[in-house]
Every structure is written in C-alpha cells, then in structure tokens.
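A.B. asks:
Chains as they are written, first to last, in the working numbering: chain A, 1351 to 1782; chain B, -13 to 93; chain C, 387 to 558.
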C-alpha cells in the first residue's frame, strides 16, 4: 500500500511545477513574440523596462493581476465565471503525459496520444461557454466559429498521428505498436538521429498546421480576429479571467510543440544524450537517488527537448508574421477537403508500404514516398491558394439565392410566414 | 465493502432511471436525447464493472465488457449524429423541437 | 475507508447529482453543460475500475464530440427564451413514478440474487485494461477477437455519417 501522504505531496509538487511552467513559458513567449515580430517587421519592439525590454511582459502580468474584473450585466453568471477555468484545466492536465526526459515523467500512462487528443477536445467546451455566457453578439459568433474550427481540425490532428503509431509497431521487436509517448521516443533512438520526421514529414506538417488551428493562432485566428470580431469569445473578459485564456493558449502552444517534439523530433535524443555513455565515463556516485551520470544525462536530455520545443514555438511566431488570415469558409474547406483526405492517404500509403516492401528497404521507401507525398501536398496547396476566385460568389449571396430558390429560410432561422412580408418588397435574390 | 460489484451496479441502476425519467418527461427533443445518453452511460458503467469483477474467467473473455463498452460508445456517437440531424431537419420544417408537437405520422 | 472508496463516493455523488441536474434544469444550455460533468464523472468511475482506455475514449467521444454536437443543435434550434427552454411534458409525474419503481425493482433484485452477490463479494481488483489487450481483443486476426463486430461498427458509423449529412443539409 503506497503512502497516501506521499502521493498527495507528489501531486501538489507536480501541479505547482506545471503551473509555474505554463506561466513562465507564457511570459517568455509573449516577450519573444513581440521582440521577434518587431525584428521581422523592422521595428524595435519593447525596449523600456529591463535590458532589451525583457521585463515588459512581467510588467504586463502585474498589470493584469491588478486589473478589475469587469462584468456586463445580463451575463449567464456561472457559465461566464467558469469558462476560463474550464478552458485552462485540460491544458494543465495535458502536461501529465509529457516526458521531458526519461527521469522527468509524471506517469507511465500507456495511452498518451489518446489522452492528449481527448484533453485537447475538452478545450472546446470552455470556448463555447465563454461565447455563450458573455451575452454578446461578438462573443457568440467568435465562440461558435472557434468551436466549429476546433472540432474540424481535431480529426486531421488525430489522423496525422496514426502514421507514427504504425511506425512504432514496425520498429518494435514484437510487432506491437505503442501510443505512449515514452515508448515512441524510445522507438526513435536506434540510431539516435532516426527521428520520425524523416519517415513522416507530411505527418509533422499536417499535425503542426492542425496545432496552429487548435491553438487559434494565426493564420487560423479568426475566432478572435481583432479587426472583425473585436476579440471573439474574449470580448467581454478582463483582468485575470482574460489572462487565464491567454495562459491556456500559450500553454496549448507549449503542449502542441512538445507533442510534435516527442512524436516527430525524437524527444530528448540529441548529441550527448546517451545514458550508457555517461554511466561508462562518470563513475563518481555521492549516493542518493541520482548518480552524477544520471544527472548529467538528465540535464542534456532536458536541454535538447527544450531546444526543439522552443524552435517549434518560434515557428508559431514566424508563421504569424508571414501568413494572412483565412476566411471562415476557406478554413473549413482546408480542413475537410485537403487535410483529412491527405491524412487518410498518408495512413493508407504508409500501411501498404510497411507491409509490402521487403525488410532492409522498408524505412527508406516509406520515408521517400512520404517526402513525395509532402511535395504533392505542397503543390496541391499552391494550386488551391492560387486558384482564381472568378465566378464564385460570397457565401451569403449563395445562401440568399438558395433560400429564394427553395422558399425556405436561411439555415437555423425560422421561415417567416408568407403573410408578414410587406407587399411590393422584391424577393431578396431578384436584386442580383 | 464499498468497492464491490454491487455498488457499481446500484450506481448504474440509479443513473439509468434518472436517464429514463429525462427521456420520458421532456418536451425538448434534444433533452430527450440527453436522457438517452445518460442511460447509455449507465449501461457502460455496468458493463465495465462486470468486466472488472469477472476478470478471472476464461480466455479472451476477460475484457469483453470493455469491448462492449467501446461498441456502445461507437453506436451512441452514430445515434447522436443522426438524431441531431433529424432534429435540425424537423426544426427547419416546423420551427419547433417540441416532441409533443411532432405528430406528422400520427392519425 | 481507503482512498479508492472515498473517490468512488465523491464520483458517484457528482454523477447522480449532475444527472439529476440534466433532467431537471429549466435552461437547456445548463443541462447540456451538466451532461459534460456526467460524462467526466463516468470517466472517473472507469478509471476506478482500471479501465483507463474506456475512460479516455469516453472523454474523447462523449465529452469532446457528442456534447459539442448537442450544443450545436441547441444553438441551431434556438428558443428566444432560453430560461424556459427545457420544459417538462404532461407525463412527468407518471415518468417519475415509473423510473422510481424501476430503480427500486433493480436494487431489490440486486439485493436478493445470491449468484450476483456471491460474485460481488470479491472486491473489484486490479485489472490490466491496457490499450494493447483491448486492441488484441478488438481486431486480432488470429486469436479470439471481435473483429467482425468491429467491422460492422465501422459500417454503422459510415452509414451514420452519410445519413446525418443527407438528413441535415438544406434541400436545394
């Protein structure tokens, strides 16, 4: 019987560690985002507080903590108050399954990937509650857009990870794959540079795109498109509640990057991260839980993990400064017509190749074909982006034409009784 | 003994009856659907409890209860999708989701 | 009383309480949000029963997908007055009576049946409900498995997707 007191202390320390990790990461990322964006846009960026303005985001946090929480009158109170917490809780929980190094794991959960996807699907409820509870048009529109976007991109996100799981079943000795993060990282260790990004580059690209959409980052940030929707579901929030949403968003970025690191970039593997090597060369052992060799290895492993994570988060910033925002219907079409068929094709091709190609060439052929698929995907994407919009109509015009043709109302709106239309009013579609 | 099979079965029974009450007593069709989802969850709890309690039985049957739960979850998802699509289609015709007013097939 | 029993009691209380809230609340959005709590607490019960895979699938499918579907349906069929959007019908009293009678009957039967209470005397113990074991039982081509029902379930899902799209889209 494990001591309950020890479990509780373990639990509290873990939670505190993750909260500080998320908060610190958010502060660092806000500063980096402003500084890097300024660099890319030929500006200076924050410069007044601290060296190179590095204390700017700390001051921002202090300001947010001291701000009053404003509430408009007719909100649905319980939902409004709970929404930021429900948005933040799954983000915090998701850190449970991440292995930062072989020694720094919270749980040996056998179902890591599934848990990650399940928790990231829970975020949607917080967003919906924020949109609904605010009792504001902009919030509701933003919340519904965001909900639709997040559940649409959930599917390709999950499907893009299937290729990796199939690869683990090929690499493992007994032919049984794994969906636990530690096992998948270990599967990329022989040799240490055989990361799954070399075999599944398309998977990484699609996963990363879906990660951008899941975290509501540019170019998929239209739920909170500042120039059209004020701030989407965040419109009515202020002070610490607003900061909670932002903490959740930056925590989500950290998780997406960490998962991509673990599944595609080999996790903690890198030059020097070799436990056997350090055990062979460092023999000093002052006693205690860790030996010196373990400690050195642990530091190097965490270093490589963090380097990869922050490189990926840097790409978040880079993408934000580079790409313009998508339109709502383009967003949906991109998920359903391009990403999902691409991931299904990827699964099919990978499965067939892993079964059909004889042993010594399997990984070479799989990786090569996947690179070809990636090139095809990029060509498809450029064709889709460059396609001429000539002859297409805005969605609302289409909806009106359809409504006029069928005599039914727009979707979701009750059909107005015929008698209530004032006589002489032209049919809506007749004006076109 | 609180963690025995019986306490899980009682929990399942309670949940099932609450769901049944919801499914029988509501006017809003979506609410009826929510009651049915609660009933399905109650059945899942009983199945998983049985699979946990009879784990020492013959060959592969050990986890059969959990596999049944997976199937029930699958079918419940399909059912929810079709039912909600039907509700929205009916709403578009009648601009109402009150099950007592949906009597097109009654005479 | 050990930790597991306390956790069970708390989860059961949340489960029954939020299920009651789902069927009694007047505001349907609140009812749907309590449904999330029902699903989450049920996932907790599964973890208590060492069925971690089922618990995660439960969160993924029910809390993540079905609830969102329900919330979307509520949004699309909106009532101007959301406070009274979830009324009872005339049979509510009879329904309550039937449900209570059924519940009493099941619990009475559970307390009477010797076969079940004999099996119940052994506590619910550790069980390796891992994803690998369930995967083998679901679609192992060689050993005892449910591969045919699994394929049929995929067909059911496919039919449901197509059916939902056909039913739900506006007629042109």
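No residue lacks a Cβ here, since even glycine has one placed at the ideal position from N, Cα and C.
(1) Where does the unbroken alpha helix (DSSP H) through residue 94 of chain B begin, and where does it stop?
(2) For the region 75 to 86 of chain B, list every residue whose C-beta sits within 8 Å of some C-beta in chain C, in sequence order.
(3) Report the start-end ranges of each alpha helix (DSSP H) in the region 1569 to 1622 of chain A that is 4 residues or longer and not cut off at the edges.
(4) Kindly indicate which three-state DSSP category residue 388 of chain C falls into: helix, strand or coil?
(5) Which partner residues does residue 12 of chain B have in the DSSP bridge list?
(6) Tell me which same chain residues have a C-beta within less than 8 Å of the C-beta of residue 1543 of chain A, skipping the five on either side of it?
(7) For residue 1607 of chain A, which residues of its own chain have a beta-carbon under 7 Å away from its beta-carbon, when the five flanking residues on both sides are left out?
(8) Would you say residue 1518 of chain A faces chain C, with C-beta separation under 8 Å as the test?
(9) What does a CB cutoff of less than 8 Å around residue 531 of chain C pick up in its chain, not counting 5 residues either side in sequence?
(10) Assuming residue 1689 of chain A contacts residue 1559 of chain A (C-beta within less than 8 Å), just tell me the rounded distance between them.
(11) Please tell me whether residue 89 of chain B has its Cβ less than 8 Å away from any Cβ of chain E.
(12) Please determine, among B/3, B/-11, B/59, the residue with the shortest C-alpha to C-alpha distance to residue 491 of chain C.
(13) Could one say the Cβ of residue 1467 of chain A lies closer than 8 Å to chain C's Cβ atoms, at least one of them?
(14) What separation, rounded to the nearest whole angstrom, lies between the Cα atoms of residue 1432 of chain A and residue 1549 of chain A?
(15) What does residue 438 of chain C reach in chain A if we use C-beta pairs closer than 7 Å?
(16) Are residue 1553 of chain A and residue 1513 of chain A closer than 8 Å when you measure CB to CB?
(17) Output the residue ranges of the alpha helix (DSSP H) runs that lie fully inside the region 1684 to 1725 of chain A and measure 4 residues or longer, sorted by chain position.
(18) DSSP state of residue 84 of chain B, grouped into three classes?
(19) Indicate whether residue 11 of chain B and residue 413 of chain C have their beta-carbon atoms separated by less than 8 Å.
(20) Residue 535 of chain C versus chain B: which residues are under 7 Å apart at the beta carbon?
(21) Quick check on DSSP: helix, strand or coil for residue 1538 of chain A?
(22) So, does the CB of residue 423 of chain C fall closer than 8 Å to a CB anywhere in chain B?
(23) Using a Cβ-Cβ cutoff of 8 Å, what residues of the region 12 to 33 of chain B are near chain C? List them in chain order.
(24) Following the continuous alpha helix (DSSP H) through residue 1364 of chain A, name the residue where it begins and the one where it ends.
(25) Would you give the residue range spanned by the alpha helix (DSSP H) that residue 1479 of chain A belongs to?
(26) Looking at the structure shown, is residue 1667 of chain A part of a helix, part of a strand, or coil, going by DSSP?
(27) Who are the neighbours of residue 540 of chain C on chain A, taking C-beta pairs under 8 Å?
(28) Taking residue -5 of chain B as the reference, which of C/554, C/440, C/489 has the closest Cα?
(29) Between the region 73 to 89 of chain B and the region 537 to 556 of chain C, do three or more beta carbon pairs fall short of 8 Å?
(30) Report yes if the CB atom of residue 1307 of chain A is closer than 8 Å to the CB atom of residue 1693 of chain A, and no otherwise.
(31) From the DSSP output, in three-state form, read off residue 1418 of chain A for me.
(32) Check residue 1566 of chain A in the structure and name its three-state DSSP category.
(33) Got a sec, what are the start and stop residues for the alpha helix (DSSP H) residue 1449 of chain A sits in?
(34) Please list the partners that residue 453 of chain C has in chain A, where partner means a Cβ-to-Cβ separation under 8 Å.
(35) Based on Cα-Cα distance, which residue from A/1496, A/1546, A/1504, A/1495 lies nearest to residue 1520 of chain A?
(36) What does the Cβ neighbour count give for residue 498 of chain C, buried or exposed, with the cut at 16 atoms within 10 Å?
C.D. replies: According to the structure data:
(1) No statement about residue 94 of chain B is possible, as the shown extent of chain B runs from -13 to 93 and does not include it.
(2) 75, 77, 78, 83, 85, 86
(3) 1576 to 1579, 1589 to 1614
(4) If you number the third chain from 1, residue 388 of chain C lands on position 2. The answer is coil: DSSP assigns residue 388 of chain C none of H, G, I, E or B.
(5) Indexing the second chain from 1 puts residue 12 of chain B at position 26. C/474, per the DSSP bridge assignment.
(6) Sequence index remark: in the first chain, residue 1543 of chain A carries index 193 (1-based). Excluding residues within five positions, the ones whose Cβ falls inside 8 Å are 1616, 1619.
(7) Within the first chain, residue 1607 of chain A is the residue found at index 257, counting from 1. Hits under 7 Å: 1659, 1662, 1663.
(8) Sequence index remark: in the first chain, residue 1518 of chain A carries index 168 (1-based). Taking Cβ atoms only, chain C never reaches closer than 8 Å to residue 1518 of chain A, which makes this a no.
(9) Mapped onto the third chain, residue 531 of chain C falls at position 145. Excluding positions up to five away in sequence, the list reads 522, 523, 524, 525.
(10) Locating residue 1689 of chain A in the first chain gives position 339, where the first residue counts as 1. Locating residue 1559 of chain A in the first chain gives position 209, where the first residue counts as 1. Between residue 1559 of chain A and residue 1689 of chain A the Cβ distance is about 7 Å, and since that is below 8 Å, they are a contact.
(11) The structure shown contains no chain E; its protein chains are A, B and C.
(12) As a working mapping, residue 491 of chain C is identified with position 105 in the third chain. Nearest C-alpha to residue 491 of chain C: B/3.
(13) The sequence position of residue 1467 of chain A within the first chain is 117, counting from 1. So, interface residue.
(14) Locating residue 1432 of chain A in the first chain gives position 82, counting from the first residue. Locating residue 1549 of chain A in the first chain gives position 199, counting from the first residue. Each residue's alpha carbon lies about 43 Å from the other.
(15) For the purposes of this step, residue 438 of chain C is taken as residue 52 along the third chain, with counting starting at 1. Neighbours of residue 438 of chain C on chain A, chain order: 1461.
(16) For the purposes of this step, residue 1553 of chain A is taken as residue 203 along the first chain, with counting starting at 1. For the purposes of this step, residue 1513 of chain A is taken as residue 163 along the first chain, with counting starting at 1. Yes; because the gap between Cβ atoms is below 8 Å, this pair is in contact.
(17) 1690 to 1706
(18) The residue labelled residue 84 of chain B in the question sits at position 98 within the second chain. Strand at residue 84 of chain B.
(19) Taking the first residue of the second chain as 1, we reach residue 11 of chain B at position 25. Taking the first residue of the third chain as 1, we reach residue 413 of chain C at position 27. The answer is no: Cβ separation not under 8 Å.
(20) The residue you call residue 535 of chain C lines up with position 149 of the third chain. The answer, in chain order, is 57.
(21) Within the first chain, residue 1538 of chain A is the residue found at index 188, counting from 1. Residue 1538 of chain A falls in the coil class under three-state DSSP.
(22) Residue 423 of chain C sits at position 37 when you count from the first residue of the third chain. With 8 Å as the cut-off, residue 423 of chain C does not count as an interface residue toward chain B.
(23) 12, 13, 14, 16, 17, 19, 20, 21, 23, 24, 27, 30, 31
(24) Taking the first residue of the first chain as 1, we reach residue 1364 of chain A at position 14. Residues 1354 to 1390.
(25) Locating residue 1479 of chain A in the first chain gives position 129, counting from the first residue. That run of the alpha helix (DSSP H) goes 1462 to 1483.
(26) Indexing the first chain from 1 puts residue 1667 of chain A at position 317. If DSSP states are grouped into helix, strand and coil, residue 1667 of chain A belongs with the helices.
(27) Mapped onto the third chain, residue 540 of chain C falls at position 154. Per Cβ cutoff of 8 Å: no residues; residue 540 of chain C is ~14 Å from chain A at best.
(28) Stepping through the second chain from its first residue, residue -5 of chain B is reached at position 9. Closest option to residue -5 of chain B, Cα to Cα, is C/489.
(29) yes
(30) Here chain A covers residues 1351 to 1782 and nothing more, so residue 1307 of chain A does not appear.
(31) Along the first chain, one-based indexing puts residue 1418 of chain A at 68. Coil at residue 1418 of chain A, not helix or strand.
(32) Locating residue 1566 of chain A in the first chain gives position 216, counting from the first residue. Reduced to three states, the DSSP call for residue 1566 of chain A is coil.
(33) In the first chain, the residue the question calls residue 1449 of chain A occupies position 99. Segment: none, residue 1449 of chain A is in no alpha helix (DSSP H) and carries neither H nor E.
(34) In the third chain, counting from the first residue as 1, residue 453 of chain C sits at position 67. Here the neighbours are 1475.
(35) As a first step, residue 1520 of chain A is located in the first chain; it is residue number 170 there, counting from the start. Here the closest residue by C-alpha is A/1546.
(36) Against the third chain, residue 498 of chain C aligns to sequence position 112. It is exposed - the Cβ of residue 498 of chain C has fewer than 16 other Cβ atoms within 10 Å.
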